[in-house]
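K.L.:
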Amino acid sequence: MAHRIRYIMIGGFLGAGKTTTLGKLAAHYREQGLNVGIVTNDQATDLVDTNTLRGMGFEVGEVAGACFCCNFNELIDTMGNLSAEQRPDVILAEPVGSCTDLVATVIQPIKQLFDAEFDIAPYPVILKPSHGIRILKNEQRGGFSPKAEYILKKQLEEADLILINRIDELTSEKVDEICALCDEQLPGTPLIRMSAKTGSGIPELVEFLSQDGDFGRKILDIDYDIYADGEAELGWLNSSLTLTSENEFDLDAFLFGVVETLQAKLHEADLEPAHLKAIGLWEGFFGVANLISSDTKVELSLPSNQKARNSEVIINARVACDPELLETLVNEAVADVAAKQNVNFEFRQTQRFRPGRPVPTHRLSTPVGS
25 MAHRIRYIMI GGFLGAGKTT TLGKLAAHYR EQGLNVGIVT NDQATDLVDT NTLRGMGFEV
85 GEVAGACFCC NFNELIDTMG NLSAEQRPDV ILAEPVGSCT DLVATVIQPI KQLFDAEFDI
145 APYPVILKPS HGIRILKNEQ RGGFSPKAEY ILKKQLEEAD LILINRIDEL TSEKVDEICA
205 LCDEQLPGTP LIRMSAKTGS GIPELVEFLS QDGDFGRKIL DIDYDIYADG EAELGWLNSS
265 LTLTSENEFD LDAFLFGVVE TLQAKLHEAD LEPAHLKAIG LWEGFFGVAN LISSDTKVEL
325 SLPSNQKARN SEVIINARVA CDPELLETLV NEAVADVAAK QNVNFEFRQT QRFRPGRPVP
385 THRLSTPVGS
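Heads up: the sequence shown begins at 25 in this note's numbering, then just goes up one per residue.
The following block contains the structure:
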């Protein structure tokens, strides 16, 4: 019998740092001589995360059109198609950031139906400090409605491990405060302080993930009406466009400018971003700019350091607003920056919508073996 594949799923809210964390883990396992496959997930195609991880040299499959729980069979098929020539030792899975109840709808069904093929690792969930601390403190202006905040809280509730990410951007006092809030509201759940960007905490995460045991057993008591309403609050947009110019332009400056301009437009309209991402691709090089909340700065997370006369760009925006308004604001931001840099642009495809009600393929109300 072929060896069982280690299945590692990393949860967390939109903008928590899942893609960066998966990239660090994938690099670690590859350095250990293991074959690594990655599966990304989104409500639509043209996903920045997929292109980012592929740009790092990893094999990536994408489950698009619905979350893992609602597209379970495609998740299984996608994992089966990874490295047909060389079976993966490890599969890293990144679910949609607005999704929860993944233990009951993904982990437990894999255990029940595919136990001979997959070995389930502990299930970590990344806490996004910028929104997380406001939501855990029940501040009146957490950025989202109570229904959307409900999703973040439920994500943490089903975790085997909580990762306090972005500690490099926080004071030690702020990190201590977040840990105290987690200990108070989620007693008994282990915590790791981590910076996916710098790699701090990644060795501890790897050690935790290496444990054998019956993980992924926290079945949520969840109200799907609240969950569905919380997801539907978010406007979802994936746009792909082509840039051309007679003269060379700074690709990173374009990406950064679009996200920064969009941030300003959202602030003016009093709209809260859950995550904004833009990736530019040119002749094997790529750059990524992103924003994770209204009270953080735009970041050029992966600079391309390139000047180009043409580029393919993908923009992903998740904002608490009407999708049609979001498309208008994205188009205006692109036009503003293109005019400043004398760049021509053409939108090839745009998908905008509010996520529909989650209808899981499977949902186990009790853990396998109970």
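Glycine included, each C-beta is placed from N, C-alpha and C at the ideal position.
Between G281 and the rest of its own chain, which residues show a CB-CB distance below 6 Å, the 5 nearest in sequence each way excluded?
P.N.:
Taking G281 as the centre and dropping the five residues before and after it, the same chain places the C-beta of V361 closer than 6 Å to its C-beta, in chain order.
K.L.:
What alpha helix (DSSP H) runs, 4 residues minimum, are completely inside the segment 169 to 253?
P.N.:
170 to 181, 196 to 209 and 226 to 233
K.L.:
Which residue marks the beginning of the alpha helix (DSSP H) containing G156, and which one marks its end?
P.N.:
P153 to L160
K.L.:
Could you check whether W260 and A88 sit closer than 9 Å to each other, using their CB atoms as the reference points?
P.N.:
no
K.L.:
With a 10 Å radius around its C-beta and 16 neighbouring C-beta atoms as the bar for buried, classify N189 as buried or exposed.
P.N.:
buried
K.L.:
Need the endpoints of the alpha helix (DSSP H) that E356 sits in, please.
P.N.:
P347 to Q365
K.L.:
Closest by CA to P112, which one among P327, Q179 and Y53?
P.N.:
Y53
K.L.:
Ends of the alpha helix (DSSP H) at F96?
P.N.:
Segment F96 to N105, the alpha helix (DSSP H) holding F96.
K.L.:
What three-state label does DSSP hand P382 in the structure shown?
P.N.:
coil
K.L.:
Counting C-beta neighbours from all protein chains within 10 Å, is the total for Y31 16 or more, i.e. buried, or is it exposed?
P.N.:
Buried, since its Cβ has 16 or more Cβ neighbours within 10 Å.
K.L.:
DSSP three-state label for A302, please.
P.N.:
Residue state, collapsed to three classes: strand.
K.L.:
Output the distance between the C-alpha atoms of P148 and V337, rounded to the nearest integer angstrom.
P.N.:
31 Å
K.L.:
Which word fits V283, buried or exposed, when buried means at least 16 other C-beta atoms lie within 10 angstroms of its C-beta?
P.N.:
buried
K.L.:
What would DSSP say about N59, mapped onto helix, strand or coil?
P.N.:
coil
K.L.:
So, F369 versus T285, is the Cβ gap smaller than 9 Å?
P.N.:
no
K.L.:
Please classify K42: does DSSP put it in a helix, a strand, or coil?
P.N.:
K42 sits in a helix when the DSSP states are folded into three classes.
K.L.:
Take C93 as the anchor and find which of T64, Q110 and G41 has the nearest alpha-carbon.
P.N.:
In terms of Cα proximity to C93, the closest of T64, Q110 and G41 is T64.
K.L.:
Am I right that E173 and I159 are in contact with their C-beta atoms under 8 Å? What's the rounded C-beta distance?
P.N.:
5 Å
K.L.:
Could you give the first and the last residue of the continuous alpha helix (DSSP H) run that contains F280?
P.N.:
L275 to E292
K.L.:
To the nearest angstrom, how far is it from the Cα of D184 to the Cα of I226?
P.N.:
One C-alpha to the other measures close to 16 Å.
K.L.:
Specify, as a first and last residue, the run of the alpha helix (DSSP H) that T76 falls within.
P.N.:
V72 to G79
K.L.:
What does the alpha-carbon distance come out to for the pair Q110 and Q235?
P.N.:
Our two residues, Q110 and Q235, have alpha carbons roughly 25 Å apart in a direct line.
K.L.:
Distance, Cα to Cα, R381 vs K48?
P.N.:
R381 and K48 have their C-alpha atoms some 33 Å from each other.
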